[in-house]
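One structure is given below, encoded as structure tokens.
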Amino acid sequence: MSTADTDRRARLAYRRAPEIGEAGPGSAAERRLAALWESRPGWRGWLATVDHKRIGLRYIVTAFAFLLAGGAEALVMRIQLAQPNGTLLNPEQYNQLFTMHGVTMIFLYALPVLSGFANYLWPLMLGSRDMAFPRLNAFSYWVFVAAGAFLYASFPLGEAPNGGWFNYVPLTTLDYSRGPNIDVYALGMILLGVSTTVGAANFVVTLLRMRAPGMSIDRLPIIVWGTLTASFANLFAVPAVSLAFLLLWLDRNVGTHFFDVAAGGRPLLWQHLFWMFAHPWVYVVVLPAMGIVSDAMPTFCRRPLVAYAAVAVSTVATMLIGFEVWVHHMFATGIAPLALAFFGAASMLISVPSAVAVFAWLATIWTGRPVFKTPFLYFAGFVLMFVIGGVSGVMTAAVPLDWQLTETYFIVAHLHYVLLGINVFPVLGGIAYWFPKFTGRMMNERFGKLTFFVILIGFNVGFFPMHLSGLFGMPRRIYTYPPGMGWDTTNLVTSLGSFVLGAGVLMFVGHALWSMKRGARASADPWGAAGLEWSVSSPAPAYNFAALPIVASRHPLWEAQLAPHARRSSLRRGYLLADGREALGVTPLSGRPDVILKMPDDTSSPLALALFATLACAGLALRSPGIVAAGALGCAAAMLAWLWPRRSLGQREPPLAAAAPARAPNGTDVAHTAHADGGEHTGRAAVANATNATNATNATNATNATNATNATNATNATNATNATNATNATNATNATNATNAANAANAAGATCAAYARELPVGSAGEHAGGWWGMATLIATEAALFGYLIFSYFYLQSQTPERWPPEGLPKLALASFNTAVLVSSSVFVWLADRLVARRRPRAASVALAVAIALGAAFALIQWHEWRGHLYGMTAHLYGSLYFTITGFHLAHVVVGLAVLAALAFWTMRGYFDDRRRAALSIGGLYWHFVDIVWLFIFTTLYLTPIWLRGR
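Quick note on our numbering: the sequence shown kicks off at 103 and runs consecutively.
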């Protein structure tokens, strides 16, 4: 093979024009896709699968298992409270039950079940083959399962969490709870935080990068808007509660003083950190459920959602305001009057965007033609629950009323209407709606409606009387009560309603299990819906779309009815990506294709990493260094197996034939419709080009036909015949033009020709999916450091003593160390540039210098630690100083390990000018570690000098 051929093949390994066409059921292309994307049979394939649909269904099934467990705990508590002086449970048992009930329903059911919907539906709704990070997706699920098992394993030992799901200090400090209960809760919640955070990162990058061509940001389904907003919230909210549990664990096991009042700590720090997480979390479990209603209900109203743009904007606005009102839960703790006024007003303001969604749903029903199927009934019931829960929430925004109602059963009622009613009704309706897509079967309508009414009655009979109990003064979290308090009747009715609700949930689960085997067979679109997910078979195939569709509206399946002369989406003809597991990456806003992504194969590494991480947490709970070390080593091995790069792009290299120009529907070369500068025409220009080419071909054919006819006419010499032929030719031409016009009107507005061009394959930099994943990780890590710095300044502001108590820090040494660390980023950047210029040896040297500088920073930091006269447990400042710098040093150590691996892989030739995604991603992480140190340096070394000078 000549050098030119070798270079050409190398270029084609990185760029190619995707083939455009159709892959019908049973075709060779379809069979090849099925072979590529289907998981291996047997238990090994079951454990190793990264199929988003399987993972989504596992989330839903596992979440429902936890729902049943949490419901059983609730029913036991309702038996205890049905009558005064209940004796079924003692105080400790009741505390463990209501704690685990809250943890289960909120953290193990409400969000995971919505994650299941998003995992299954997002790629189908967005026109993609998979999620952005399939292995991370599997890891998120396995950590969720392991964390749930970890928490529930404490039940048989009698050491389940017992401090309430709020876990307020000081009742959960060692002074009041010396058993492992709280440690189990803290470590389990940190595990769940890992699962939630990586899942949120996966959702964010999937939305930004993994959409069908033409699906711009203004064409997203509302459920995607809801889950996207919730995922962004998780990235910035979960670090707050993870930090709170970490600080509490350090107080209990290391001897720090973050919440120790005697040493200067403040219990209110817990409430700030917890509610910075928990109040946005309310909307995290509400907004995706609202999205289910906004997307599915219009199907039964036979019209699109009214005010789509307003609902999308209100979704984002709700979450933004939700981050501002965490103090709403702390009105009774002694907040300053000005703060009370601000947060009270903000708490009322949040009702405005919520009302926008309610009015949009009501307008959709009012202006549509509702069909009262089972899913629609659940969605209508949801609107009622939403209004009741919202009104009771706005009531508590009034500070005087909040002072009277806080910590009473009125708040318990509000919480259940918001977190359970607003979640359960859309979830059950969503399962009934998408059940045909999940299983290929229909649920029974008559039994489904009966189940709905049982659940609706049970829910309201069970929870509405709690409002009255709260107004009558019944405090929450009490395990029994004396007679004559006025709570007997309301508690009895609540208990009876709870059992009716439980029966309804069991009816729904049994109905679903029966329908999976005996339900009527479902067609691809049994409801006549509008979304892309209904354009594929039921259940969806392993590869989702044989040809990735090209989208040009929010309602691809309704275009013929909504605008008959403007049908533009191409649902059958599209990108045929079958060179291994491949997906399409698009630009974040416009949805223009810009990269072909190589997707990973099935692997057991996510499962192994989840199990070893849980083992390490178990070792911490048992205070066993050996188990912790085994778990940590296992995590390192699993991570290494996961991240080890391949010399190829993951699957076989594209053949030279891939360079052949793709063919447009009219037979012309797609390359002819592209600009010379490599850009692409707009959809309208491409349609015009395709139409002109078709017209030119038709004109040529018409001319040839006319010439032949003229020859015949000359032979016959019949003027009448000529006139007739001329008329026929004119009619034929008109008919042809009319046909062409109709074809042009029916063609995709964003045609296949407009989108077919050479794309990079598995590129580096911002084209790589991993780059976006690292960006989301940096965002959540930045939030974590931000909460640490907030804790530092909050505790410092509450301390009347001199700060720092041991004198000012060593500014000169810290300044030198800062320069050492920041300079290392220059060499990491230089290494990436050198690899881009095909100089791997020089890049390895640059990485070695960066490693040396990073190691020098760590050693100097260690030297500074040893020079202090105080330790981590000496006082509050020592706890803050060593925790913040130690947390950063841990990131430095991880970064050094990453740089060492990158240097090794660079020396071995794994990276080159086009294939260097891992190097770019690792460099991005190291730059973040360096930048965050600048904020820590300012906080710990510069602000004390400024505070002393005031």
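The C-beta atom is built at its ideal place from N, Cα and C for all residues, glycine as well. Owing to the predicted nature of the structure, the values given are computational and were not obtained by experimental measurement.
| query | result |
| --- | --- |
| With 16 other Cβ atoms within 10 Å as the buried cut-off, status of H374 | buried |
| The stretch 396 to 408 / the stretch 918 to 928 touching (three or more Cβ pairs under 8 Å) | no |
| Distance between beta carbons of S671 and P651, contact taken as under 8 Å | 7 Å |
| Segment contact, 8 Å Cβ cut-off, at least three pairs: the stretch 408 to 417 with the stretch 326 to 343 | yes |
| Close beta carbons around P400, own chain, < 8 Å, minus the five adjacent residues each side | P406, L407, T466, G470, A632 |
| Alpha-carbon spacing of W967 relative to F1039, whole angstroms | 15 Å |
| Own chain residues within Cβ distance below 8 Å of M876, not counting five before or after | I1023, L1026, Y1027 |
| Same chain, Cβ closer than 7 Å to D232, neighbours up to 5 away in sequence not counted | H154, P225, A685, M701 |
| Exposure label - D681; buried when at least 16 CB within 10 Å | buried |
| Where G687 sits in the DSSP three-state scheme | strand |
| As assigned by DSSP and simplified to three states, the class of D681 | coil |
| Cutoff 8 Å; reference T435; Cβ partners in own chain excluding five residues on either side | L370, Q373 |
| Pairwise C-alpha distance: S396 and V215 | 18 Å |
| Collapsed DSSP secondary structure at T1041 in the structure displayed | helix |
| Which of helix, strand or coil DSSP assigns to D696 | strand |
| Identity of the residue in D285, A649, Y979, L713 nearest S129 by Cα | A649 |
| L310: first and last residue of the uninterrupted alpha helix (DSSP H) it sits in | 283 to 311 |
| Length-filtered (4 minimum) alpha helix (DSSP H) runs lying within the stretch 546 to 623 | 547 to 573, 590 to 620 |
| Segment contact, 8 Å Cβ cut-off, at least three pairs: the stretch 955 to 974 with the stretch 911 to 920 | yes |
| Residue of A712, L678, A954, G721 minimising C-alpha distance to G229 | L678 |
| Q182 burial status per 10 Å Cβ neighbour count (16 or more: buried) | buried |
| Cα-Cα separation, G721 to P727 | 7 Å |
| Three-state secondary structure (DSSP) of T510 | strand |
| T189, buried or exposed, once every other Cβ within 10 Å from all chains shown has been counted against 16 | exposed |
| Residue span of the alpha helix (DSSP H) that contains L422, given as start and end | 410 to 424 |
| Proximal residues to L713 (C-beta, below 7 Å), its chain only, five neighbours per side dropped | A248 |
| C-beta atoms of A234 and N304 nearer than 8 Å | yes |
| For L345 and V429, the rounded distance between their alpha carbons | 18 Å |
| Per-residue burial, G265 [other beta carbons within 10 Å of its own, 16 or more giving buried] | buried |
| Pairwise C-alpha distance: G604 and S625 | 32 Å |
| CB-CB length for Y480 against F527, believed under 8 Å | 5 Å |
| According to DSSP, residues forming a beta bridge with L915 | In DSSP, L915 forms no bridge with anything. |
| Cross-strand partners of P862 (DSSP beta bridge) | R117 |
| Inter-residue Cα distance where the pair is P695 and G872 | 17 Å |
| Whether M568 touches A500 by CB criterion (8 Å) | no |
| Contact belief for I880 with F1030 at Cβ below 8 Å, rounded distance in angstroms | 5 Å |
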